[in-house]
Structure formats: C-alpha cells, structure tokens
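S.K.: So for the sequence shown, numbering that gives the first Met the number 0 puts the first residue at 0; every next one is plus one. Glycine included, C-beta positions come from ideal geometry on N, C-alpha and C. This structure is a prediction, so every number in the text was calculated from the model and none was measured. Got a structure for you, questions after.
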Amino acid sequence: MSDIGTEELQIAIYNQLKAQGLNVYSTVLPKEYSFPMVKMEEEYLTDQSTKNKIHWEIYHVLHIFSLSKSKEEINEYNQKVIQALREPFELMNGFYVSKSRLDYLQTLREEDAFHGVLRFTFTISKG
C-alpha cells in the first residue's frame with residue numbers, strides 16, 4: 000500500500016460504489032461490460048500536511064455512462080454516486096477521510112450516450 004493513501008482511497012471508493020450495486024470499472028474496460036457504469040479515471044493530489052499530521056487533498060474524477068435515450072438514468076446514477084461518496088467510509092492502513100465534497104458535476108449528451116463527469120475532493124489524513 001502507499002505512504003500517501005491514494006491506493007487506499009481508490010480501493011475504498013470502488014468498494015463504496017460496488018456496495019450500492021453500481022457497475023464500476025477502475026482499469027481498462029473488460030471485453031464484456033454493462034451500462035450504466037462508473038469509470039474511475041483521473042486522480043491528482045496536493046500535500047496539506049502540518050508538522051503534526053499527514054493530510055492529502057486527493058481529487059478524483061469519475062465518469063458515468065448511460066445508453067438510455069433520456070437523462071433520467073444518468074441523473075439517477077449520478078445521484079447514487081454522490082450519495083455513496085458523501086457517506087463516511089473507511090480506508091486501510093491508518094488513513095481516514097476527514098472531508099469529502101463534490102466539486103463539479105457535468106452531464107453531456109454524446110452521439111449515442113449520456114456522459115456524466117463528477118469530480119470529488121477527499122481530504123485524507125493519517126496519524
């Protein structure tokens with residue numbers, strides 16, 4: 000596991016979303032996958048540590064895809080993701096989420112799908 004907590008956070012996000020019954024993919028899509036789905040994508044972080052405690056702000060971008068002809072399904076999936084990640088959840092190896100917030104949500108109409116983009120900021124701490 001990492002000294003920064005990014006791997007612990009990614010595993011926890013994946014588990015939170017799967018626990019809600021969502022289709023989640025954190026790597027290259029397998030040959031067979033189903034819609035609607037959440038694809039875990041971009042991640043970046045900044046060090047927010049103090050001399051007494053380790054803190055990281057980790058930004059996670061999740062992409063949601065729906066093949067539905069209406070926005071209802073993508074909106075419902077977006078809401079399920081938001082609810083799952085706003086609830087407290089545990090990390091491994093002594094890390095914990097001290098703050099979680101949704102920074103950005105956009106729903107796009109693509110040629111044959113709806114595409115949701117959600118960016119969360121997680122402040123994780125250790126110690």
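(1) Pull up the DSSP beta-bridge partners for I115, would you.
(2) Could you tell me which residues DSSP puts in a beta bridge with T122?
(3) Report all residues from its chain with a CB closer than 8 Å to the CB of Y95; omit the five preceding and five following residues, and keep chain order.
(4) Does the beta-carbon of L84 have 16 or more other beta-carbons within 10 angstroms, so that it is buried, or is it exposed?
(5) Under a CB-based cut-off of 7 Å, is Q15 close to chain C?
(6) Starting from Y43, trace the beta strand (DSSP E) both ways and give me its first and last residue.
(7) Considering only the alpha carbon of each residue, which of Q47, H62, M91, E75 lies closest to L28?
(8) Looking at H114: is its Cβ nearer than 7 Å to the Cβ of L107?
(9) Compute the Euclidean distance between the alpha carbons of V37 and N22, then round it to the nearest angstrom.
(10) How would you call G4, buried or exposed, if buried means at least 16 neighbouring beta carbons within 10 angstroms?
(11) Between the C-alpha atoms of N74 and Q19, what's the straight-line distance to the nearest angstrom?
(12) Compare the Cα-Cα distances from E40 to each of I57, M91, F34, I53 and report the closest residue.
(13) Could you have a look at E71 and say whether DSSP puts it in helix, strand or coil?
M.R.: On the basis of the coordinates in this document:
(1) In the sequence as presented, Ile is not what sits at residue 115; that position holds Gly. The partner list for G115 (beta bridge, DSSP) reads I63, T106.
(2) Note: T122 sits in a beta bridge opposite E56, K98.
(3) Listed in chain order, the non-local C-beta contacts of Y95 below 8 Å within the same chain comprise E89, I123, S124, K125, local neighbours out to five positions each way being set aside.
(4) With 16 or more other Cβ atoms inside 10 Å of its own Cβ, L84 counts as buried.
(5) This model lacks chain C altogether; it includes just one protein chain.
(6) Per DSSP, Y43 is one residue of the beta strand (DSSP E) stretching across 36-46.
(7) In terms of Cα proximity to L28, the closest of Q47, H62, M91, E75 is H62.
(8) Contact: yes.
(9) Rounded to whole angstroms, V37 to N22 spans 6 Å at the Cα level.
(10) It is buried - the Cβ of G4 has at least 16 other Cβ atoms within 10 Å.
(11) Distance between the alpha carbons of N74 and Q19: 15 Å.
(12) Ranking the options by Cα distance to E40, first place goes to I57.
(13) Note: E71 maps to helix in three-state DSSP.
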